[in-house]
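Sequential numbering of the sequence shown, starting at 17, is according to my numbering. Heads up, the beta-carbon is just placed ideally off N, CA and C, and yes, glycines get one too.
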Amino acid sequence: MAVVTNFTLLAGTVGIGALALVINSTQATTLLAKRISRMVPCTFAYWGMIAFGMLFELKDGSVSQELPFLLGAAIVAVSFANWGQWLINDLYDKDTDKHSNQNRATTQNEIPDRITLLTGVALSVFGGLFAFAINAYALFSVLGFIVVFAAYSIRPIRLKSNAYTAMLSIGLLGGCCFLLGSATVVDQPSPFTGLIFTLITLVMTINVSYKDIKDAEHDEKSDSENFVVKFGRDRVRRLLIVGLPASYFIFGMVFQLYSWLPIFAVLALVVVYLLYDRTDKYHRLVYELDAINGIYLLMLGIGYYGIQVSIL
């Protein structure tokens, strides 16, 4: 573990230095940092999924001394992979961003495409290296995350061009984060882990459409097909008002967290309120729902861990 960790830190240091030489521009560095900072809130739900995967595997109640490092490495790994692939996605969204994000630095060519691409690839590689510091299972999970995200963005595959495959892609990204959290505790998934991965992917696929609500009008102008454009913003909001709270209770009952259901009910009421209230603040709504979903997943993991400890 120490050898792999040292290799990761060394490779990361060398990579950051090389990247700084390639960028060689204060303006580009500032604009890239600003863009990445906008991605941080949307990463919270992935962090919550990692924590849930970790707590899910702590069935014997024991916590190793290495676990905080492994959890930190997993969070850094998925963050780098997510931010890197998001930058690459920005390159392939330049045509549609002319309608929906005209002020974005990539749309205005304030950041050269080469720099954006190299930064995205470098961050993705860093994510893989930090996952490698955990184990092969973690590396497989992060590589799965990167492959799905790349297929979501890059032509000619570009899964985001279809409403259903776009939603499935986001569901799979959440499932990969759950597996990554699992990898901080065990070296390979159990059959039950695979079952929960499938359930998480399906639920996220159904409920992830809230991320497209904020850009519905612009996506329609740019001929982008997603679930919100296909069925309408109001109809999707009504679906989410039922779907998101229902998923909170379904997972709670699957894991027999009956004493936690009142807490989940409070979160569900907050979600319903936000979906009703944020009729003209959709960017804010997306960030708030990401944060609530992250909190819910963390609570779900803590509750399940508590049950496992009480059984011992």
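Please classify residue i: does DSSP put it in a helix, a strand, or coil?
i, result
"K297", "coil"
"P261", "helix"
"S326", "helix"
"N178", "coil"
"V201", "coil"
"L305", "helix"
"Q81", "coil"
"Q101", "helix"
"F271", "coil"
What is the rounded straight-line gap between the Cα of residue i and the Cα of residue j?
i, j, result
"Y62", "N309", "9 Å"
"G88", "D250", "39 Å"
"V19", "R54", "Low per-residue confidence applies at V19: pLDDT is 44, beneath 50, and the placement is therefore not dependable, though the value from the model is reported in the following sentence. Distance between the alpha carbons of V19 and R54 is about 34 Å."
"D293", "V287", "10 Å"
"M65", "A179", "23 Å"
"N223", "L256", "6 Å"
"C58", "G100", "14 Å"
"F85", "A147", "12 Å"
"Y320", "F165", "29 Å"
"C192", "V158", "7 Å"
"G143", "L316", "26 Å"
"F243", "L283", "24 Å"
"A152", "Y289", "42 Å"
"L218", "G187", "6 Å"
"D129", "L107", "7 Å"
Assign residue i to one of two classes, buried (16 or more other C-beta atoms within 10 Å of its C-beta) or exposed (fewer than that).
i, result
"V337", "Any property of residue 337 remains undetermined from this structure, which presents the chain solely from 17 to 328."
"E82", "exposed"
"P261", "buried"
"I266", "exposed"
"K176", "buried"
"L196", "buried"
"F208", "exposed"
"A15", "Only positions 17 to 328 of the chain appear in this structure, which leaves residue 15 out of reach."
"V163", "exposed"
"G248", "exposed"
"D306", "buried"
Select from the options the residue whose C-alpha is nearest the C-alpha of residue i.
i, options, result
"E304", "L196, G322, T135 and F60", "F60"
"W102", "L134, F213 and A90", "L134"
"Y226", "G319, K50 and M183", "M183"
"F161", "Y153, N105, L189 and F148", "L189"
"W276", "L48, L314, G248 and F194", "L314"
"I141", "A44, F96 and C193", "Here residue 141 is Val; the residue named in the question, Ile, does not match the sequence. Per the Cα distances, F96."
"S326", "A49, A281, L48 and L74", "L74"
"V92", "I127, A149 and K50", "A149"
"Y312", "T181, P278, G187 and R254", "P278"
"I323", "L285, Y274 and A307", "Y274"
Check your understanding: Taking three-plus beta-carbon pairs below 8 Å as touching, is the stretch 165-178 in contact with the stretch 61-77?
Key -> no
**Asked** Is there contact here, the stretch 159-170 with the stretch 198-206, by at least three beta-carbon pairs under 8 Å?
**Response** no
The stretch 268-281 contacting the stretch 297-304, beta-carbon criterion three pairs below 8 Å | no
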